[in-house]
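This report refers to the structure that appears directly beneath it.
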Amino acid sequence: MSVVFEKTKLLTDKQFHYCPGCNHGIIHRLVAEAIEEMNLEGNVVGVAPVGCSVFAYDYFNCDMLEAAHGRAPAVATGVKRAKPDTLVFTYQGDGDLASIGTAEIVHAAHRGEKICTIFVNNAIYGMTGGQMAPTTLVGQKTTTSPYGRDESWCGAPIKVSEMLAQVPGSYYIERCAVDTNANILKTKKAIKKAFQYQMEGKGFCLIEVLSTCPTNWGMNPVEAMKWLEENMIPYYPLGVHKDKGAAE
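Below you can see the structure in the form of structure tokens.
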């Protein structure tokens with residue numbers, strides 16, 4: 035009997051610890067499949083963050099490092115400069131990247147570091163109990179904004195992709211989602227494109243992926259997916275925000 039589908043070799047057999055309905059598992063698989071399909075096994079280093087995906091080193095079947103909170107781009111920079119022919123990626127959430135790690139990601143982009151960042155945006159702090167994040171939408175209720183985010187008090191949610199697209203050193207910035215089969219395929223294509231640019235020696239690449247957090251949103255997985263489509267995507271529009279390669 036011919037094999038029509040099998041598990042990617044770039045994921046280990048360890049069971050994910052993520053909550054039911056969390057999209058990290060989907061995104062992990064897309065990253066792993068991209069690496070395998072590009073025949074980069076044995077030539078890749080990932081950097082795990084602090085947050086829900088802190089144990090990413092248990093799931094990716096490649097060399098992994100654990101970074102201090104928000105510092106994954108700095109760690110990845112060191113690895114890439116020491117091993118320039120290696121694919122180096124960071125896998126970060128919005129609390130890690132867009133809060134304590136803002137300076138790290140901005141300066142990595144500004145320097146044009148030849149690394150790729152997979153940025154998972156679920157608009158909330160997941161691991162620590164559902165606090166308001168820099169990406170939490172106006173009016174969205176969290177444990178630290180029980181009446182909803184107040185823009186006059188907290189400011190507007192940070193649009194990371196739009197911000198980094200304005201940095202001269204960034205090369206490719208795209209925002210995706212994994213809410214539908216079509217968007218899942220687009221996300222995988224974007225990840226592979228970012229990896230390809232890196233292996234070609236291009237500049238800094240970031241793929242933002244809109245994701246759900248049913249547990250901390252207080253919804254079931256189906257409700258959470260609908261909320262993402264109706265609330266997150268209108269504020270965080272999908273698409274390419276910068277692609278220097280398209281103009282070359």
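In the working numbering, the protein residues as written are 35 to 282.
Quick reminder that beta carbons are idealized off the backbone N, C-alpha and C, glycines included.
In its own chain, which residues sit with a C-beta less than 6 Å from the C-beta of residue i, not counting the 5 before and 5 after it?
i	result
Val81	Leu99, Ala101, Ala106, Val109, Ala110 and Thr124
Val78	Ile69, Cys96 and Leu121
Ala199	Ile207, His275 and Lys276
Lys278	Tyr205
With DSSP collapsed to three states, give me the class of residue i.
i	result
Arg115	helix
Ser245	coil
Asn155	strand
Glu138	helix
His51	coil
Phe229	helix
Thr176	strand
His144	helix
Ala82	strand
Gly121	Note on residue identity: the sequence assigns Leu, not Gly, to residue 121. Leu121 falls in the strand class under three-state DSSP.
Tyr206	strand
Val109	helix
Can you find the residues in the same chain that come closer than 7 Å, C-beta to C-beta, to residue i, ignoring five residues on each side of it along the sequence?
i	result
Tyr91	Ala82, Met98 and Glu100
Gly182	Gly173, Gln174 and Lys175
Give me the residue from the options with the minimum Cα distance to residue i.
i	options	result
Leu121	Ile69, Val212 and Thr214	Ile69
Ala281	Arg145, Thr151, Tyr205 and Lys41	Tyr205
Pro180	Ile152, Pro271 and Met166	Met166
Glu71	Asn265, Gln126 and Lys227	Lys227
Lys236	Gly55, Val140, Glu75 and Glu147	Glu147
Asp128	Gly273, Ile241 and Tyr231	Ile241
Asn156	Cys150, Arg145 and Thr169	Thr169
Gly76	Leu262, Val201, Lys43 and Ala142	Lys43
Asn250	Pro54, Asp47 and Val37	Pro54
Thinking residue i and residue j are a contact (beta carbons under 8 Å), I'd like their distance in whole angstroms, please.
i	j	result
Val84	Asp130	6 Å
Cys247	Ile158	5 Å
Asp213	Met253	The Cβ separation is near 14 Å, so there is no contact.
Asn217	Ala211	5 Å
Phe238	Ile149	7 Å
Val201	Val140	7 Å
Quick one: residues in its chain with C-beta nearer than 8 Å to the C-beta of residue i, no 5 flanking neighbours on either side, listed in chain order?
i	result
His58	Phe50, Tyr52, Cys86, Ser87, Val154 and Ser245
Leu45	His62, Arg63, Ala66, Tyr93, Phe94 and Asn95
Thr178	Gln165 and Met166
Compute every distance between the C-beta of residue i and the non-hydrogen atoms of the ligand SAH, then say whether any falls below 7 Å.
i	result
Met197	The model depicted lacks the ligand SAH and carries no ligand whatsoever.
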